[in-house]
Amino acid sequence: MYRRYNLYLFLTQALLALYFAKADPLGKLGESILIDSQDLSKEETSRQEMADVLSIGQYFQDIFSEHLEPLKIEFGHVYENPSEWEQKFERKDFDNNRYSGKVIISSFKVNLIE
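According to mature numbering (1 follows the signal peptide of the UniProt record, and there is no 0), the residues represented by the sequence shown are -23 to -1, 1 to 91, in order.
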């Protein structure tokens, strides 16, 4: 049972690592902020590109994982962008084969959906 728990933990962490490696949210923003100090027109262009990126809308995401006991794990995430908000929490107990989860999704144009 403990080996299965370690396998689930490893797979969860591997999936999270792949997700973040694929997302690269700051890569394009960093490229657009580069400013050439010798050319003022280039500086204005870079400022305009940065304003364009910021006008698209930014997002916030927080992910957590907690080991309550050796065979209990709790994890979840909170995601927010200018038009919607999502909160998801899950708890798994591998000893007793129990699972519980909670998902809240909200769009700022529509009321709360649970």
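Cβ atoms here follow ideal geometry from the backbone N, Cα and C, with glycine treated the same way.
None of the values given here were measured: they were computed from a predicted structure.
Would you tell me roughly how many angstroms separate the C-alpha atoms of Glu57 and Asn73, rounded to the nearest one?
Answer to the nearest angstrom: the Cα atoms are 34 Å apart.
Hey, out of Lys79, Ile50 and Gln25, whose CA is closest to Asn(-18)'s CA?
Ranking Lys79, Ile50 and Gln25 by Cα distance to Asn(-18) puts Ile50 first.
If you reduce the DSSP assignment to three classes, tell me which class Tyr36 lands in.
Reduced to three states, the DSSP call for Tyr36 is coil.
Could you have a look at Leu48 and say whether DSSP puts it in helix, strand or coil?
Coil, per DSSP.
Identify, in the order they occur along the chain, each residue of the same chain with its Cβ nearer than 6 Å to the Cβ of Arg75, setting aside the five sequence neighbours on each side.
Answer for Arg75: no residue qualifies.
Mind checking whether Gly53 and Phe66 have CB atoms under 8 Å apart?
Yes, the pair counts as a contact, with Cβ atoms nearer than the cut-off.
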